[in-house]
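Chemist: Mapping of the sequence shown onto this note's numbering: residues 2 to 131, in sequence order. Cβ atoms here follow ideal geometry from the backbone N, Cα and C, with glycine treated the same way. Quick one: structure below, then a few questions.
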Amino acid sequence: MQHYAFHIAVLLALLAGALAGFALWRLGALRRRLDELESALTVSEQHYQGLSSSSLSQGRRLLQLEQDLARLRARLEEVASSGDVSDSVFNQAIRMARRGCSAQEIMETCGIGQIEADLVVLMHQKGQAK
């Protein structure tokens, strides 16, 4: 009887050793997978931070452009509405834009730059919202 008990104990010890070995092997595989996932998370965090920084920068630039456009519109309206310059180049350009002339035609006729002509057309051409 003791002989069987010894064999059973040895078999149980071998089985426990095999299970412990399998558990250690599986633990190693899980650790490697965890390292891979942590690396991927770090890369994703860096990518997200880059996108956030880029978005903030673009937002600031867009805000600056909107402010510049508002200032240009105000200045153009100021020039167009002042009584002492009723025959000014800009008033002529505005009249041309309201008649449907292109920015190129306005540039050539009034002698103003591309940006100014585009802005006049943008603000005063029929069918355009102010």
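Rounding to the nearest angstrom, what Cα-Cα distance links GLN47 and GLN59 in this structure?
Modeler: GLN47 and GLN59: Cα-Cα distance of roughly 18 Å.
Chemist: Take the Cβ of HIS125 as the centre, count every other Cβ of all protein chains shown within 10 Å, and call the residue buried at 16 or more, exposed below.
Modeler: Buried: at least 16 other Cβ atoms inside 10 Å.
Chemist: Starting from MET97, follow the alpha helix (DSSP H) in both directions and report where the run begins and ends.
Modeler: 90 to 99 is the extent of the alpha helix (DSSP H) around MET97.
Chemist: Counting only the same chain and skipping the five closest in sequence on each side, list residues whose C-beta sits under 8 Å from that of ILE107.
Modeler: Once the five neighbours on either side are set aside, the close Cβ partners of ILE107 are ALA94, MET97, ALA98, ILE113, ALA118, VAL121 and VAL122.
Chemist: Can you tell me whether ALA104 is buried or exposed, with buried defined as 16 or more other CB within 10 angstroms of its CB?
Modeler: It is buried - the Cβ of ALA104 has at least 16 other Cβ atoms within 10 Å.
Chemist: Taking a contact to mean a Cβ-Cβ separation below 8 Å, would you say PHE91 touches LEU77 in this structure?
Modeler: In this structure, LEU77 lies closer than 8 Å to PHE91 by Cβ.
Chemist: With respect to the alpha helix (DSSP H) encompassing GLN126, which residues constitute its N-terminal and C-terminal limits?
Modeler: Taken as a continuous stretch (DSSP letters only), GLN126 belongs to no alpha helix (DSSP H), as it is neither H nor E.
Chemist: Give the secondary structure of ILE113 by DSSP, where H, G and I count as helix, E and B as strand, and everything else as coil.
Modeler: Coil at ILE113, not helix or strand.
Chemist: Could you check the C-alpha separation between ARG100 and LEU66 for me, to the nearest Å?
Modeler: Their Cα atoms are separated by approximately 28 Å.
Chemist: If you draw a straight line from the alpha carbon of TRP26 to that of SER56, how long is it in whole angstroms?
Modeler: Going from the Cα of TRP26 to the Cα of SER56 covers about 45 Å.
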